[in-house]
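*Asks:* After the C-alpha cells below, expect a handful of questions from me.
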Amino acid sequence: MTAVKESAASRRAASDGSARGSSDGSSDGGGDNGGSPSTRRPLPWWKRLARDRAVLLLALPGMAVIVVFQYLALGGNVIAFQDYQPYLGVERSLWVGFENFQILFSGDPEFLAALRNTLIITLLQTVFVFPAPIILALLLHSLVSNRVRQWVQSILYLPHFLSWVIVVAVFQQILGGAGLINNFLRSHGWEPLDIIGNSDAFYALLTSQVIWKDTGWATILFLAVLAGIDKSLYEASAVDGASRWRQTWHITLPGMRPIIIMLLILKLGDSLSVGFEQLILQQQAVGLGVSDVLDTYVYNQGVLGGFWGVAAAVGLVKGLIGLVLVLVANKTAHAFGEEGVYRA
Amino acid sequence: MSTTTTVERSRTTGPNDRRRPRTRPVVDGVAMPGPLERTVKGVVLTIACALVILPFVGIISTSLATPEQVTEAGGFVLLPTGIDLSAYQMIFAGGVVTQALWISFLVTAIGTALSLALTTTLGWALSRKGAFGVRAMLLLVLISLLFNPGIIPSYLVVQRLGLLDTLWALIIPTSVSAFNVVVVRAFFVQLPNEVIDAARIDGATEWQLFWRIGLPLSKPVLAVVGLFYGVGYWNAFFNALLYMSDASKWPLQLVLRTYVVDGAQLGSQDLGIDAASLPPQTSLQMAILVVSIVPVLLVYPFLQRHFAKGMLTGAVKG
C-alpha cells in the first residue's frame, strides 16, 4: 500500500545516493549524474551492466516469478476477445472481437445478479467493516494499562491467521442447525434459528464473519498512527481544559485522517473483489441467488463451466474498473489537499 | 513509558475559588477515564475477547469429548466430561486426512523456504540503489501491487507451465509476494552503508555482502516474513481449489471444505481404517479443525513478538 509512495521516496533516496556517489564508490555510482566523480559522466550502460551483474543475478529468480505470474499472466486476458478453446490454446483459438463483452450489456440475469450482490456486499463492507477497526483502535489506544492492551491485542489479532475455510466452519458450528446456539435454544424449549443457509440472513452473516476475522488485525495500522501522534498536543489541550471527547475530536481523529483516506482509496480499488474464498465456500449452503459475486461468477463460468472467453471478459472489466477507481480516488484526494496513496 | 501527572482543571485564581479544585490524573496528556467509561470499555473488550476464544474452546472440547456426550449434546460440547482421543487416532490412521496433512506440511515447508530465498535475494538486489536496472525492476514490483491479473489468466499461466495437479501449483504462483519484497527491501535499505562499504573494501563479493551482512542483520523481519509465508501456504485454499482437481493431492484446506464445511461423511475407507464403529462425525470434524489450527497457534506467539517490529517499520513508513 505505502509501497507506491515509497517509489517516490526511493527515487529521491536514489538520487541522494548518486549525489554522494563519490564516497560510495562503485556501488552507488549509478543515477543520472553518478559514475566517475571526476568527470561526472555516467558510465556506458554495458559497463554498468557488467559491474552490477551480481546484483542482477540475485534479482533474477524473484523477478522471473513476478514477471511470469503478474505481467505475463496479464497478457492472458486476450482470451476475452477470443472464442477460447483449451485444446486449441491462445494461438489457434478464434478471435471474436467484443462478442464476449456483450454479456455485460445484454443483461444476462446471472451476470446482473452477480454484479448486484457484489455491490451490496461492497456497500455493507464500507459501512460496517471499514469503520470497525478504527473504533476498536481508538478503544484500545485509550486503555491506560499497556499490559491489558497487549493481551487484548494478542487475542483479537488471532482470527486473522485462520483460513477462510476454518472461519466458515467455526461459524457453522456456532450458528448452524446443530450448532451451539440452536442447541441452547432447543434445550430451553425455544424455536431454533435458521442462520446458516438462510438467504435473508446471508449478508449479515458475511459481514459478521469479516468483522470477526479481520477487525483486530486491521487495528495494527491505526494503532501505529495513534502512537505517532504528538503527545504534547494532548498535554497542551489538557492544560487548556479539553475533555477526553474534545481531545479525540480535535487531535486524534485529524491525526488519523490521512491513513483513513489512504485505506479508503485502496479499498475502492478492491471494491469489486469482495472475498472469493469466503463466498465460494458458502454458495452450496445458500445458493447462487444471493452469493454469486463477480469473482465467483468468473470462476464458475470459466474454470467450471468452460465459458473461458466470457469469464475472462468479466474479469478484465472488473480489473479495469478497479484500476480506474483507484486513479480517480487518488486524484480526488489530491484535489482536497490530501496525500492519497501515491503522487505521480 | 507513560508519564502520569496531575493537572488542575480549574484556575486557582478564578471566581470559583471556593469550589474544590477538580483534579484528575493525566496520562500522556489524556485524562484518566471516569468509572463509567472504564466499565463500558471493560465489558465491550471482554465480550470481544470471549467471541474469539469461546469458539476455540468449543472446537477443542468437542474433539476431545466422549462419543456419548457428543451424541447427547447433538453436536457441540463446551465442557467435556471425559476425554476420548479416538477421533484423533482415526484421522491420523493414514486415510485422506493424514495424506492432506502431509501434503500441506510439504507445501508449507518447501514453499516457505523457496519464498524466503526469492524474496530476500530480490529484496537485497532492489536495495542496491544505483545499480543497473534496479530502478526499473523496483517499478515493476511496485506496479504489480496495484493490480491482479485475474482468475482466468492466472489459471492459463499455470496450465501452460504444466503445473496443474502438481504440488508446485500450490507453491510457485504465490512464492513471491511483492508486498513482502518491499518490506524486506526497506530493511536492507536502512542498513548502515559504512558496514557494507567496509566489507566491500575488504573484498567481499555481492553474494557475501548479502549472506554475511544483509541476512544476519535482518533476522527479525525475515522471521516475520517467513512466518507470514508459512501461514499463507498452510492456509492456501484458493490455489488448491483452482489448480488441484486430483483429490488424492488435496491439501488440508480442501479436505476441510469437503468434510467439514460441506459436511461430506467420513467413512472407514476414507480414514483408512477397519472399524466397526466410528466416533460421531462432529468429533472427527472438530479433530480435523484442531489439527489445522494448532500449527498456526504454535507459531503465533513467535509471530506476535516480532510483527509489531517487523511489519510496521516496513508498512507504515513511506
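Protein sequence lines correspond, in order, to chains X and D. With the first letter of the first sequence counted as 1, position 46 gets the number 46 in full-length UniProt numbering; the numbers rise by one all the way through. With the first letter of the second sequence counted as 1, position 56 gets the number 56 in full-length UniProt numbering; the numbers rise by one all the way through. Quick reminder that beta carbons are idealized off the backbone N, C-alpha and C, glycines included.
Over what stretch of residues does the alpha helix (DSSP H) that includes S208 (chain X) continue unbroken?
*Replies:* Element bounds for S208 (chain X): F202 to A227.
*Asks:* For a contact defined as C-beta to C-beta under 8 Å, what are the partners of N183 (chain X) on chain D?
*Replies:* Near N183 (chain X) (Cβ distances below 8 Å), the residues of chain D are A73, G74, G75 and F76.
*Asks:* Is the beta carbon of F188 (chain D) closer than 8 Å to that of G214 (chain D)?
*Replies:* Yes. Within cutoff.
*Asks:* Would M137 (chain D) count as contacting chain X if we go by Cβ distances under 8 Å?
*Replies:* Judged by the 8 Å Cβ criterion, M137 (chain D) is in contact with chain X.
*Asks:* Go ahead and pull the three-state DSSP assignment for L193 (chain X).
*Replies:* Reduced to three states, the DSSP call for L193 (chain X) is coil.
*Asks:* Under three-state DSSP, which class holds D83 (chain X)?
*Replies:* In the structure shown, D83 (chain X) sits in a strand (DSSP, three-state: E or B).
*Asks:* In three-state terms, what does DSSP make of L94 (chain X)?
*Replies:* Correct three-state label for L94 (chain X): strand.
*Asks:* So A178 (chain D) packs on L145 (chain D), CB below 8 Å; how close in whole Å?
*Replies:* A178 (chain D) to L145 (chain D), Cβ: 5 Å. Contact.
*Asks:* Is there a Cβ from chain X that is less than 8 Å from the Cβ of I151 (chain D)?
*Replies:* By this cut-off, I151 (chain D) is an interface position.
*Asks:* If you measure from the beta carbon of Y233 (chain D) to each beta carbon in chain X, is any gap under 8 Å?
*Replies:* For Y233 (chain D), the answer is no, since every Cβ of chain X falls outside 8 Å of its Cβ.
*Asks:* Roughly how many angstroms separate the alpha carbons of G315 (chain X) and V165 (chain X), rounded to a whole number?
*Replies:* Cα to Cα, G315 (chain X) sits roughly 24 Å from V165 (chain X).
*Asks:* Below 7 Å on C-beta distance, what does Q284 (chain X) contact in chain D?
*Replies:* In chain order: D262.
*Asks:* Go through its chain and collect everything with a Cβ distance to G76 (chain X)'s Cβ below 8 Å, but skip five positions before and after it.
*Replies:* Hits under 8 Å: V90 and A312.
*Asks:* Distance, Cα to Cα, T332 (chain X) vs G340 (chain X)?
*Replies:* Answer to the nearest angstrom: the Cα atoms are 9 Å apart.
*Asks:* Which same chain residues, not among the five before or five after V225 (chain X), have their C-beta less than 6 Å away from its C-beta?
*Replies:* Counting only Cβ-Cβ distances below 6 Å, and skipping sequence neighbours, we find M256 and I259.
*Asks:* Excluding the 5 residues preceding and the 5 following S63 (chain D) in the sequence, name in chain order all residues of the same chain whose CB lies nearer than 8 Å to its CB.
*Replies:* Only A87, Y88, S283, M286, A287, L289 and V290 meet the Cβ criterion.
*Asks:* So, is E194 (chain D) buried or exposed, given that buried needs 16 or more other C-beta atoms within 10 angstroms?
*Replies:* With fewer than 16 Cβ atoms within 10 Å of its Cβ, E194 (chain D) is classed as exposed.
*Asks:* Quick one, which of X:R246, X:T219, X:G176 and X:V298 has its alpha-carbon nearest G74 (chain D)'s?
*Replies:* That would be X:G176, whose Cα lies nearest to the Cα of G74 (chain D).
*Asks:* So, with DSSP's three-state summary, where would you put E338 (chain X)?
*Replies:* DSSP places E338 (chain X) in coil when its eight states are reduced to three.
*Asks:* Checking contacts by CB at 8 Å: is A223 (chain D) closer than that to chain X?
*Replies:* Taking Cβ atoms only, chain X never reaches closer than 8 Å to A223 (chain D), which makes this a no.
*Asks:* So which of X:F81, X:L88, X:L112 and X:E110 has the shortest CA-CA distance to E99 (chain X)?
*Replies:* The option with the nearest alpha carbon to E99 (chain X) is X:F81.
*Asks:* Would you mind sorting Y84 (chain X) into buried or exposed? The rule is 16 or more other CB atoms within 10 Å of its CB.
*Replies:* Under this definition Y84 (chain X) is a buried residue.
*Asks:* Have a look at F105 (chain X) and L115 (chain X) and give me their C-alpha separation to the nearest angstrom.
*Replies:* C-alpha separation (whole angstroms): 12 Å.
*Asks:* Quick one: residues in its chain with C-beta nearer than 7 Å to the C-beta of L206 (chain X), no 5 flanking neighbours on either side, listed in chain order?
*Replies:* Around L206 (chain X): I121 and Q278.
*Asks:* Could you say if the stretch 243-253 of chain D and the stretch 32-42 of chain D meet the contact criterion of at least three C-beta pairs nearer than 8 Å?
*Replies:* They do not touch, by the three-pair rule.
*Asks:* Mapping DSSP to helix, strand and coil, what is G31 (chain X)?
*Replies:* Unreliable placement is indicated for G31 (chain X), whose pLDDT of 43 sits below 50; the coordinate value is still reported in the next sentence. Correct three-state label for G31 (chain X): coil.
*Asks:* Quick check: is the beta carbon of G302 (chain X) nearer than 8 Å to any beta carbon in chain D?
*Replies:* Yes - at least one Cβ of chain D is within 8 Å of the one on G302 (chain X).
*Asks:* For R246 (chain X), which residues in chain D fall below 9 Å Cβ to Cβ?
*Replies:* The contacting residues do not exist; R246 (chain X) stays about 11 Å from chain D at best.
*Asks:* In chain order, what residues of the same chain lie with their CB nearer than 7 Å to the CB of F92 (chain D), ignoring the 5 residues before and after it?
*Replies:* These residues qualify, in order along the chain: T98.
*Asks:* I want to verify the contact list: residues of chain D whose CB lies under 7 Å from the CB of W95 (chain X), in sequence order.
*Replies:* Result: empty, since nearest Cβ-Cβ is about 16 Å, beyond 7 Å.
*Asks:* Would you kindly work out how many angstroms separate the C-alpha atoms of G318 (chain D) and A186 (chain D), rounded to a whole number?
*Replies:* Because the pLDDT of G318 (chain D) is 34, which lies under 50, any placement of that residue in the model is unreliable, and the number read from its coordinates should be weighed accordingly. About 10 Å.
*Asks:* Relative to the alpha-carbon of L49 (chain X), which residue among D:V157, D:D84 and D:G130 has its alpha-carbon at the smallest distance?
*Replies:* The shortest C-alpha separation from L49 (chain X) is found at D:G130.
*Asks:* In angstroms, rounded to a whole number, what distance separates the CA positions of L158 (chain X) and S61 (chain D)?
*Replies:* Rounded to whole angstroms, L158 (chain X) to S61 (chain D) spans 19 Å at the Cα level.
*Asks:* With 9 Å as the limit, tell me which residues of the stretch 186-207 of chain D have their beta carbon closer than that to any beta carbon of chain X; keep them in chain order.
*Replies:* The residues in question are A186, V189, N193, I196, D197, R200, I201, T205, E206 and W207.
*Asks:* Taking just the CA atoms, how far does L116 (chain D) sit from Y229 (chain D)?
*Replies:* One C-alpha to the other measures close to 8 Å.
*Asks:* For A136 (chain D) and R128 (chain D), what's the separation of their Cα atoms in angstroms?
*Replies:* Each residue's Cα considered, the two are about 12 Å apart.
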